[in-house]
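Protein chains in written order, with our numbering: chain A, 1 to 342; chain B, 1001 to 1402. What follows is a single structure, written as structure tokens, with notes after it.
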Amino acid sequence: MAAPVKSRQDESVSAVQTLTIGKALNLGLRAAMEADDKVLILGEDVGKLGGVFRITDGLQKDFGEQRVLDTPLAESGIIGTAVGLAVRGFRPVCEIQFEGFIFPGFDQISSQLAKLHYRTQGRIKVPVVVRVPYGGGIGAVEHHSESPESLFAHIPGLKVVSCSNPADAYWMIQQAIASDDPVLFFEPKRLYHNGQLKSEVDTSTTPGPLFASRVLREGTDATLVAYGPSVKVCLDAAAAAQEEGRSLEVIDLRTLSPLDLGPVFESVRRTGRLISVSEASAESSISSEIAARVQQECFYSLEAPVLRVTGFDTPYPPSKLEEHFLPDLDRVLHAVDRSLGW
Amino acid sequence: MSSPEQWTHPEPGEGPAARAAQPSPEQVIAGLRATTEGGAELTQLLTPEGERVASPQFDRYVADIDGEALRGLYRDMVLVRRADREANAMQRQGQLGIWVPLLGQEAAQIGSGRALRKQDMAFPSYREHGVAYARGIDFRELMGIFRCTDHGNWDFKAHGFHPYTIVIGNQVLNATGYAMGQKFEGKVGDEDGEATIVYFGDGATSQGDVHEGFVWSAVYDAPLVFFCQNNQWAISEPTERQSRLPLYQRARGYGFPGIRVDGNDVLACLAVTRWALDECRHGNGPVLIEAFTYRMDAHTTTDDPTRYRLSDELEAWKLKDPIERVRAYLARNGHADQPYFDRIQAEADQFAADLREFTFNMPEPPPERVFANVYAEPSAALDAQREEYLAYLSGFATAGER
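Structure (structure tokens):
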């Protein structure tokens, strides 16, 4: 097992900082690099530029070109060499610029990264983190707004997580790097620099477990489950519903593989209703898995079918149309109405 | 350093338009030569007739190979070939799910494998049984893969031999990363430096991962020897389906040396690989070696090469057999006599018999192996799936209880 992520109590600077998700990730990466000199960052433009989203800003300046590698432009190369570096004993963190560009690296992820530990009966550990900015809502061109996380959650041997707030961003990235398993780390790109989400991050606390979902808002009438960018949508929907006298529980999955559905089952047994929200297309998605498992575990508690509010089963549309594609507050509340009206 | 030929534009009549027309008899013969002849640029130290060829550049890399050492290389190749033939036969008898024959590639694998030092790491594809043997892996340890009881379970660190990789070309990038790690750790720069070697075939050179491995290793000066065994055929596709140029010449485009060696000449493979590894351990890597050789058997036991290649081609290559030329050299120079050859053959037969007995007696893995080591960290979900399945299995009566 890797060493647990340490808090930074001994630092003289204030342990509590107000951060965006983007800045929290940056500080989390910095903390991981300070804690373990085997941690490397590699990707396109991660050095001088600090990444296209500036998440690695300043890291190459402080840790050098041998720990923050501006690589040639090829995703299979980034991930394939990270596998080799991990076999050698490093803990590489790959940055993929946009989720739509990860597919040239899919072969290395599915054939080598996910399977080397199994293939060698545990002789080889591949503690590689692949950071993937994902999701829509930034008005981008094609291949810059997708949500392919289900494809990776389907591959045994990989772990898949997604953060939705600054404190999780700060801690989860460090925990993913400390994990001895390969982790696909999906980052909600439209929330990176969202000022509304700016919040206090206490860098001196001990973080909770990485692979655990969490109840963010308690409620009694129906349960909303989401991850990444959809968590904020659900929290906003729950706040709006409150004004109409409806009490919605909101659960942030945080971990997509392994799925931690314990809190979801518990919640559904109380509320009797579940709405699963994500930007990914519906068919064969994380939401599908949740629906299947909840009907299996909570069959007698359900007052209505599990509903899904997701992207449509289409390619991501031109972004002038993305407001129709992305689940928003109104679509979530509409689903709540349908569930409660059953 | 090698000096690859200056690339020139094809002469009239040699370009794509000319190739698209029906080949003339002369072109057919030229094509056969392209498959069977390594060309003037081939580095060779031992001819197919077993005569030593002097090489001002490479002789010093095999100065220590006296009669006894050469007998050792001969023995290695005979043992590996005999075990390969035994495994092939076992597959035909239904004892192995599949076998990947190395027949004809013994010199490329033993020569390059014996060039490695303890501190080096080798990344094989899936045909490198001879390199595995040279890295001190008991041949029997390979059999689990082909009897389908495991995916290859040797101690890769102790032997400096990574697990087999079956997806074509993946290992080239993994090896590149590993070699970058050697460099980052400061293990490169002098006589005792570390190096990595990666094995792949002529077909793999068409894969993007191989190209990316070339780019990455050049950009990061990785101490990596690319060892391409050009055995002329990627299943049924000839090398002409992979490249217009001789493969070794591709290195020039990436900015590092490429060299073509006679892959059926164990002495030349040893010398050239030692040179290339030396370049890497001193910080002058990477290097591409094209070992010009021939797969004398099928791609795997599921393949039928009579569908796609001429028997004349095989006959031509039999005359260049990697073992026979060493045997001729040893006999002609008084380093070995018939009783010696008979003794090695008897040892090889015993080696094969041991392999057969071991393979027949390999235990079946227990069902819980299905669930083991998916993750490095515990997985409650998988533990639950395992327990449920084992409980299900325990519900069946065993033969004695019926």
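Cβ coordinates follow ideal geometry from the N, Cα and C atoms, glycine included. This structure is a prediction, so every number in the text was calculated from the model and none was measured.
Of all the options the options, which has the alpha carbon lying nearest to the alpha carbon of residue i?
i, options, result
"Ala169 of chain A", "A:Phe63, A:Ala32, A:Ile109 and A:Leu49", "A:Ala32"
"His154 of chain A", "A:Ser285, A:Gly51, A:Ile275 and A:Ile96", "A:Ser285"
"Val1172 of chain B", "A:Ala82, A:Met172, A:Leu210 and A:Thr120", "A:Ala82"
"Glu1185 of chain B", "A:Leu40, A:Val306 and A:Lys61", "A:Leu40"
"Ala1346 of chain B", "B:Phe1200, B:Asp1155 and B:Arg1082", "B:Arg1082"
"Leu1288 of chain B", "B:Ala1132, B:His1162, B:Thr1306 and B:Arg1250", "B:Arg1250"
"Ala1316 of chain B", "B:Ala1352, B:Tyr1308 and B:Tyr1294", "B:Tyr1294"
"Ile1098 of chain B", "B:Ala1054, B:Arg1147 and B:Ile1110", "B:Arg1147"
"Arg88 of chain A", "A:Ser76, A:Ile124 and A:Ala176", "A:Ile124"
"Gln1119 of chain B", "B:Gln1091, B:Tyr1178 and B:Glu1388", "B:Tyr1178"
"Arg1309 of chain B", "B:Gly1038, B:Gln1232 and B:Ala1376", "B:Gln1232"
"Lys1318 of chain B", "B:Leu1390, B:Ala1391 and B:Thr1036", "B:Thr1036"
"Asp328 of chain A", "A:Glu243, A:Lys232, A:Val201 and A:Arg273", "A:Lys232"
"Val141 of chain A", "A:Leu340, A:Gly341, A:His334 and A:Pro317", "A:Pro317"
At 9 angstroms on the CB atoms, spell out the chain A contacts of residue i, in chain order.
i, result
"Ala1122 of chain B", "None at all; the shortest Cβ gap to chain A is about 12 angstroms."
"Thr1176 of chain B", "Gly77, Gly80, Thr81 and Gly84"
Mind checking if residue i is an interface residue toward chain A, Cβ cutoff 8 angstroms exclusive?
i, result
"Met1180 of chain B", "yes"
"His1129 of chain B", "no"
"Pro1163 of chain B", "yes"
"Val1374 of chain B", "yes"
"Glu1051 of chain B", "no"
"Asp1155 of chain B", "yes"
"Val1215 of chain B", "yes"
"Leu1173 of chain B", "yes"
Look up residue i in the DSSP assignment and say whether it is helix, strand or coil.
i, result
"Asn1174 of chain B", "helix"
"Gly51 of chain A", "coil"
"Ile1098 of chain B", "coil"
"Glu1191 of chain B", "coil"
"Met1 of chain A", "Note that Met1 of chain A has pLDDT 47, beneath the 50 cutoff, so the model's placement of it is unreliable and no number is given."
"Cys1228 of chain B", "strand"
"Arg308 of chain A", "strand"
"Lys198 of chain A", "coil"
"Glu1005 of chain B", "Because Glu1005 of chain B sits at a pLDDT of 49, beneath the cut-off of 50, its placement in the model cannot be relied upon, and the point is left open."
"Val16 of chain A", "strand"
"Glu99 of chain A", "helix"
"Trp342 of chain A", "coil"
"Trp1154 of chain B", "coil"
"Ala1298 of chain B", "coil"
"Ser1311 of chain B", "helix"
"Cys234 of chain A", "helix"
"Asp1262 of chain B", "strand"
"Phe1396 of chain B", "coil"
"Ala1222 of chain B", "coil"
"Thr271 of chain A", "helix"
"Ile41 of chain A", "strand"
"Asp62 of chain A", "helix"
Quick one: is residue i near chain B, going by C-beta distance under 8 angstroms?
i, result
"Pro188 of chain A", "no"
"Gly84 of chain A", "yes"
"Val5 of chain A", "no"
"Met1 of chain A", "Since pLDDT at Met1 of chain A reaches only 47, below the 50 mark, its modelled position is unreliable, and no value is offered."
"Ala292 of chain A", "no"
"Tyr227 of chain A", "no"
"Gly157 of chain A", "yes"
Since residue i meets chain B, which of its residues come closer than 8 angstroms, beta carbon to beta carbon?
i, result
"Pro258 of chain A", "Ser1379, Ala1380 and Ala1381"
Measure the Cβ-Cβ separation of residue i and residue j and say whether it is below 8 angstroms.
i, j, result
"Pro1322 of chain B", "Val1261 of chain B", "no"
"Val1272 of chain B", "Phe1139 of chain B", "no"
"Leu1224 of chain B", "Gly1160 of chain B", "no"
"Gly1169 of chain B", "Asp1221 of chain B", "no"
"Pro182 of chain A", "Val215 of chain A", "no"
"Ala1134 of chain B", "Gly1104 of chain B", "no"
"Val68 of chain A", "Gly47 of chain A", "yes"
"Leu248 of chain A", "Ala241 of chain A", "yes"
"Pro166 of chain A", "Ser145 of chain A", "no"
"Leu321 of chain A", "Gly1181 of chain B", "no"
What residues from chain B crowd round residue i, counting only those whose CB sits closer than 9 angstroms?
i, result
"Gly89 of chain A", "Gly1181 and Glu1185"
"Lys125 of chain A", "Ala1376"
Using a Cβ cut-off of 8 angstroms, pull out every chain A residue sitting near residue i, in sequence order please.
i, result
"Glu1212 of chain B", "Pro72, Ala74, Ser76, Gly77 and Gly80"
"Gly1208 of chain B", "Ala74, Ser76 and Pro104"
"Val1167 of chain B", "Asp107, Ser111 and Gln112"
For a contact meaning CB atoms closer than 7 angstroms, what does residue i contact in chain B?
i, result
"His154 of chain A", "Result: empty, since nearest Cβ-Cβ is about 14 angstroms, beyond 7 angstroms."
"Ser179 of chain A", "Glu1377"
"Arg131 of chain A", "Here the premise fails: no neighbours, minimum Cβ distance about 17 angstroms."
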